[in-house]
Amino acid sequence: MSHSRDERRAELVLALVALVSVSVLGLITVFVFKEGLPAFREMGLWQFITGHRWSPSQNAFGIFPMLVGTFMVTLGALAIGMPLGLGCAVYMSEFSGPRSAALLKHMVELMAGIPSVVFGFVGLTVIVPFIRTYLGGPGFSVLASSIVLGFMILPTMVSVSYDALRAVPQAYRDNMLALGATTWQTVRMVVLPSAKSGILAAAILATGRAIGETMAVIMVAGNATAVPESVLDPVRTLTSNIALEMGYSAGLHRQALFATGIVLFVIVTLLNLIARAAIRGGSAK
Amino acid sequence: MKRSGYKVEAVEFSYSYGGVPALKQVSFGVKQNSLFTIMGPTGSGKTTFLKALNRLNDLVDQTSRSGRLLLDGKDVYAKDVDVADLRRRVGMVFAMPTSLPMSIFENVAYGPRKRGVKSKAVLEETVEKALSAAALWDEVKDRLDMPAQRLSGGQQQRLAIARALAVQPEVLLLDEPTSGLDPVSTLRVEELMRQLAGSYTIIFVTHDPQQAARLDGEVAFLFMGELIELGTAREMFTRPRDKRTEDYITGKVG
Numbered sequence: 001m002s003h004s005r006d007e008r009r010a011e012l013v014l015a016l017v018a019l020v021s022v023s024v025l026g027l028i029t030v031f032v033f034k035e036g037l038p039a040f041r042e043m044g045l046w047q048f049i050t051g052h053r054w055s056p057s058q059n060a061f062g063i064f065p066m067l068v069g070t071f072m073v074t075l076g077a078l079a080i081g082m083p084l085g086l087g088c089a090v091y092m093s094e095f096s097g098p099r100s101a102a103l104l105k106h107m108v109e110l111m112a113g114i115p116s117v118v119f120g121f122v123g124l125t126v127i128v129p130f131i132r133t134y135l136g137g138p139g140f141s142v143l144a145s146s147i148v149l150g151f152m153i154l155p156t157m158v159s160v161s162y163d164a165l166r167a168v169p170q171a172y173r174d175n176m177l178a179l180g181a182t183t184w185q186t187v188r189m190v191v192l193p194s195a196k197s198g199i200l201a202a203a204i205l206a207t208g209r210a211i212g213e214t215m216a217v218i219m220v221a222g223n224a225t226a227v228p229e230s231v232l233d234p235v236r237t238l239t240s241n242i243a244l245e246m247g248y249s250a251g252l253h254r255q256a257l258f259a260t261g262i263v264l265f266v267i268v269t270l271l272n273l274i275a276r277a278a279i280r281g282g283s284a285k
Numbered sequence: 001m002k003r004s005g006y007k008v009e010a011v012e013f014s015y016s017y018g019g020v021p022a023l024k025q026v027s028f029g030v031k032q033n034s035l036f037t038i039m040g041p042t043g044s045g046k047t048t049f050l051k052a053l054n055r056l057n058d059l060v061d062q063t064s065r066s067g068r069l070l071l072d073g074k075d076v077y078a079k080d081v082d083v084a085d086l087r088r089r090v091g092m093v094f095a096m097p098t099s100l101p102m103s104i105f106e107n108v109a110y111g112p113r114k115r116g117v118k119s120k121a122v123l124e125e126t127v128e129k130a131l132s133a134a135a136l137w138d139e140v141k142d143r144l145d146m147p148a149q150r151l152s153g154g155q156q157q158r159l160a161i162a163r164a165l166a167v168q169p170e171v172l173l174l175d176e177p178t179s180g181l182d183p184v185s186t187l188r189v190e191e192l193m194r195q196l197a198g199s200y201t202i203i204f205v206t207h208d209p210q211q212a213a214r215l216d217g218e219v220a221f222l223f224m225g226e227l228i229e230l231g232t233a234r235e236m237f238t239r240p241r242d243k244r245t246e247d248y249i250t251g252k253v254g
């Protein structure tokens, strides 16, 4: 009897713990929308999203430069992180021996644990001066942010696409090799096509990570609220916008920052839905 | 070249994984264009022999070997052997029917295409020939663009045979190709083997003594990495010389 009572008590406590974890998500959602929605009402959703000027002292709140900035920085990060990460995953899964694959996997996981401020610091002391000296401009730029973010999304990119590659049946590889195909031909013809939905999911998750990253970007982006005209121009992302100004904002300014949060929330949620659909589409086959 | 007259010959061939022997000084020969069956229980070294012959075992770490394994009198482990070319000459069909994730046509056309065949007409002819030889053409000729993985297990196994035949191998290795098939599909594959034996050297691995008897070619009985008995199916199944062979074919061990 007491056994089953213990069982029920444990179940109850764990259910409560689970509920608390999930309810935080609900609370954040409600809070962000409650604080941010008035800003949309005040100046109109369209005006907020397409407005080119962000000048809190003059009550001008247009997040277009930050939207473009986030878009450019994320695209740049993917352009750097995706080929690097996928290449690393393919090497680990198809070419290296099991021992060096395990070592690489450990190192990549270790990389995921590096605080973002450290990435930002390295970017600030190495990449920014390098760009300023050799490519021109202030150094604080779209390019610097893309490079830093490109490396920060590597762990996600590598581990998710590595899992997708390992999930490809070994029988495909054996059959291809038995036909006289080389490992690289096998990878190109069969392994990558079979794993493509998982690799797509990796890219989307990495995109979400790139969009959400704040600290490292603030340190190397320059944070000007103008639409960047080249990759060497300073840039401000949506997340940086919130982090930089939240401390001293009030009234409509504060609401506009929460509204920025809503826009971010919608973008990241959409990305997650797409990633899930991609993973489901892959496993259904 | 062919001093011994055998297409494939093992000479005191041994193979081990991480120090654990899988084949122990095995010697036998396979005549050109014949059907040769390797029979034995799980762990007897059958698959090791096949994967040593087309060097798929190269992918496994920490293996060692001794003795010689000859194709047309030349050691397949000789330094100047091009492994990709060896695998073209020695095709293989696996236990699990596996179609590559492409259309039926592309499954068969991949091998020839990789060897530089570009002409569509030649490819189409090659695919039709291979599928006909594998007794699958009539069933799939109207839907060659269909994803191959929608075929039944038996059809996929014949597709795997067609895929192996399309690169015009000299030797065809089959590793328990009917273990995942129903009895009707199994008989079709066996029938196919007897037909193909006229034009290819076929090495067929099975754990099933009755299948070895039905295939009716030469049989090698392997047990725990050793060659126990070698002879025609008729001899072995009517008058086994070794006690272990007798036990195995009467179902007392294995």
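Residue numbers (the working numbering), protein chains in the order written: chain A, 1 to 285; chain B, 1 to 254. Yeah, the Cβ is synthetic: ideal placement off N, Cα and C, and Gly gets one too.
For this session: Would you please verify whether the beta carbon of B/K2 is less than 8 Å from any beta carbon of chain A?
Result: Here residue 2 of chain B refers to the residue found at position 2 when the second sequence is read from its first residue. Low confidence applies here, because B/K2 scores a pLDDT of 46, under 50, leaving its location unreliable; read the following figure in that light. Chain A contact via Cβ: absent.
Problem set entry | Three or more C-beta pairs below 8 Å linking the region 226-244 of chain A and the region 128-141 of chain A | Contact between the region 226-244 of chain A and the region 128-141 of chain A is present, because at least three Cβ pairs lie under 8 Å.
Problem set entry | Beta carbon proximity, B/M146 to chain A, threshold 8 Å | As a working note, residue 146 of chain B is residue 146 in the second sequence. B/M146 is outside the set of residues whose beta carbon lies under 8 Å from a beta carbon in chain A.
For this session: Tell me the start and end of each unbroken alpha helix (DSSP H) in the region 21-51 of chain A that is at least 4 residues and wholly inside, in chain order.
Result: Complete alpha helix (DSSP H) runs here, min 4: 45-50.
Exercise. Would A/V90 count as contacting chain B if we go by Cβ distances under 8 Å?
Worked result: Residue mapping note: residue 90 of chain A aligns to position 90 of the first sequence, counting from 1. For A/V90, the answer is no, since every Cβ of chain B falls outside 8 Å of its Cβ.
Exercise. Given A/K285, which residues of its chain have a CB within under 7 Å of its CB, disregarding the five upstream and five downstream residues?
Worked result: As a position in the first sequence, residue 285 of chain A is number 285, starting the count at 1. At A/K285, the pLDDT of 42 sits below 50, so the modelled position is not reliable; the number obtained from the coordinates is stated separately. Nothing meets the Cβ criterion.
For this session: Please report the residue range of the alpha helix (DSSP H) in which A/T237 lies.
Result: In the first sequence, counting from the first residue as 1, residue 237 of chain A sits at position 237. Neither: A/T237 is in no alpha helix (DSSP H) and is coded neither H nor E.
Exercise. Who are the Cβ neighbours of B/T245 in its own chain at under 7 Å, not counting the five residues just before and after it?
Worked result: Translated into positions along the second sequence, residue 245 of chain B becomes position 245. Correct list, in chain order: F221, I228, E229 and M236.
Problem set entry | Residue from B/P41, B/I249 and B/M224 whose Cα sits closest to the Cα of B/V26 | Position 26 of the second sequence holds residue 26 of chain B. Cα-wise, what sits closest to B/V26 is B/M224.
Problem set entry | Interface positions of the region 174-196 of chain A facing chain B (Cβ-Cβ less than 8 Å), listed along the chain | For the region 174-196 of chain A, which is checked against every Cβ of chain B, the residues closer than 8 Å are D174, N175, M176, L177, A178, L179, G180, A181, T182, Q185, M189, V190, P193 and S194.
For this session: Output the distance between the C-alpha atoms of A/A181 and A/G76, rounded to the nearest integer angstrom.
Result: Locating residue 181 of chain A in the first sequence gives position 181, where the first residue counts as 1. Locating residue 76 of chain A in the first sequence gives position 76, where the first residue counts as 1. Take the alpha-carbon of A/A181 and the one of A/G76: they are about 35 Å apart.
Exercise. What residues of chain A sit near B/R87, judged by a beta carbon separation below 8 Å?
Worked result: Your numbering for residue 87 of chain B matches position 87 in the second sequence. Those are L177, A178, L179 and G180, listed as they occur along chain A.
For this session: Pull out every residue of the region 95-119 of chain A whose Cβ sits closer than 9 Å to any Cβ of chain D, in chain order.
Result: Structure shown: chain D not included; protein chains present are A and B.
Exercise. For A/Y248, is the classification buried or exposed, using 16 other Cβ atoms within 10 angstroms of its Cβ as the cut-off for buried?
Worked result: Counting from one through the first sequence, the residue named residue 248 of chain A turns up at place 248. A/Y248 counts as exposed, since fewer than 16 other C-beta atoms from the protein chains shown sit within 10 angstroms of its C-beta.
Problem set entry | Cβ of B/D72 within 8 Å of any chain A Cβ | Translated into positions along the second sequence, residue 72 of chain B becomes position 72. Under the Cβ distance rule, B/D72 does not count among the residues neighbouring chain A, no pair being separated by less than 8 Å.
Exercise. Should A/N272 go down as buried or exposed, given a rule of 16 or more other Cβ atoms within 10 Å for buried?
Worked result: For the purposes of this step, residue 272 of chain A is identified with residue 272 of the first sequence, where counting begins at 1. A/N272 comes out exposed.
For this session: Taking 8 Å as the threshold, find out whether the region 157-171 of chain A comes into contact with the region 183-195 of chain A through three or more Cβ pairs.
Result: The region 157-171 of chain A is in contact with the region 183-195 of chain A.
Problem set entry | Ranges of the alpha helix (DSSP H) found wholly within the region 149-206 of chain A, counting only runs of at least 4 | Fully enclosed alpha helix (DSSP H) runs of 4 or longer: 154-166, 170-178 and 183-186.
For this session: Mark A/R280 as exposed unless 16 or more other C-beta atoms lie within 10 angstroms of its C-beta, in which case mark it buried.
Result: Looking up residue 280 of chain A in the first sequence gives position 280. So A/R280 ends up on the exposed side.
Exercise. Looking at chain A, which residues of the region 109-131 of chain B have a Cβ within less than 9 Å of any of its Cβ atoms?
Worked result: With the criterion set as a beta carbon lying under 9 Å from some beta carbon of chain A, the members of the region 109-131 of chain B are Y110, G111, K114 and R115, in sequence order.
Exercise. Looking at the structure shown, is A/F71 part of a helix, part of a strand, or coil, going by DSSP?
Worked result: Reading the first sequence from its first residue, position 71 is the one you call residue 71 of chain A. Reduced to three states, the DSSP call for A/F71 is helix.
Exercise. CA-CA distance, A/G212 and A/F64?
Worked result: Taking the first residue of the first sequence as 1, we reach residue 212 of chain A at position 212. Taking the first residue of the first sequence as 1, we reach residue 64 of chain A at position 64. In a straight line, the C-alpha of A/G212 is about 17 Å away from that of A/F64.
For this session: Please say whether A/W54 and A/T225 have beta carbons closer to each other than 8 Å?
Result: Residue numbering aside, residue 225 of chain A sits at position 225 when the first sequence is read from its first letter. Residue numbering aside, residue 54 of chain A sits at position 54 when the first sequence is read from its first letter. Contact check for A/T225 against A/W54 passes: the beta carbons are separated by less than 8 Å.
For this session: Return the chain-ordered ranges of every alpha helix (DSSP H) run that is complete within the region 101-183 of chain B and spans a minimum of 4 residues.
Result: Here the runs fully enclosed are 104-114, 120-133, 137-140 and 153-165.
For this session: Check whether the Cβ of A/L270 lies closer than 7 Å to any heavy atom of the ligand ADP, and answer yes or no.
Result: What this structure holds is no ligand at all, so the ligand ADP is not there to describe.
Problem set entry | Any C-beta of chain B under 8 Å from that of A/A171 | The count along the first sequence starts at 1 and reaches residue 171 of chain A at position 171. Interface residue, yes.
Problem set entry | Member of B/V117, B/V219, B/A197 and B/F94 whose CA lies at the smallest distance from the CA of B/L159 | On the second sequence, position 159 is the one that residue 159 of chain B refers to. Cα-wise, what sits closest to B/L159 is B/F94.
Exercise. Just the Cα atoms here: how many angstroms apart are B/Y77 and B/R115?
Worked result: Sequence index remark: in the second sequence, residue 77 of chain B carries index 77 (1-based). Sequence index remark: in the second sequence, residue 115 of chain B carries index 115 (1-based). In this structure, the straight-line span from the alpha carbon of B/Y77 to that of B/R115 is close to 23 Å.
Exercise. DSSP beta-bridge partners for B/D75?
Worked result: Taking the first residue of the second sequence as position 1, residue 75 of chain B is located at position 75. B/D75 is bridged to B/L70.
Exercise. For A/M92, is the classification buried or exposed, using 16 other Cβ atoms within 10 angstroms of its Cβ as the cut-off for buried?
Worked result: Taking the first sequence and counting its residues from 1, the one referred to as residue 92 of chain A is at position 92. Buried, by the Cβ-count rule.
Problem set entry | Burial state of A/D174 (16 or more Cβ within 10 Å) | Along the first sequence, one-based indexing puts residue 174 of chain A at 174. So A/D174 counts as buried.
Problem set entry | Contact with chain A by B/D61, beta-carbon distance below 8 Å | Mapped onto the second sequence, residue 61 of chain B falls at position 61. Output row for B/D61: interface = yes.
Problem set entry | Expected contact under 8 Å - CB spacing of A/A275 and A/L205 to nearest Å | Your numbering for residue 275 of chain A matches position 275 in the first sequence. Your numbering for residue 205 of chain A matches position 205 in the first sequence. At roughly 6 Å, the Cβ-Cβ gap stays under 8 Å, so A/A275 and A/L205 are in contact.
Exercise. With DSSP run on the structure shown, which of helix, strand or coil describes A/P65?
Worked result: As a first step, residue 65 of chain A must be located in the first sequence, where it is residue number 65. Looking at A/P65 - three-state DSSP - the assignment turns out to be helix.
For this session: Could you list which residues in chain A have their beta carbon closer than 8 Å to that of B/R163, in chain order?
Result: Taking the first residue of the second sequence as position 1, residue 163 of chain B is located at position 163. Listed along chain A are N175 and L179, each with a C-beta nearer than 8 Å to that of B/R163.
Exercise. Do A/L81 and A/F151 have their C-beta atoms within less than 8 Å of each other?
Worked result: In the first sequence, the residue the question calls residue 81 of chain A occupies position 81. In the first sequence, the residue the question calls residue 151 of chain A occupies position 151. One detail in the question is off: residue 81 of chain A reads as Gly in this sequence, not Leu. For the pair A/G81 and A/F151, the CB atoms are nearer than the 8 Å cut-off.
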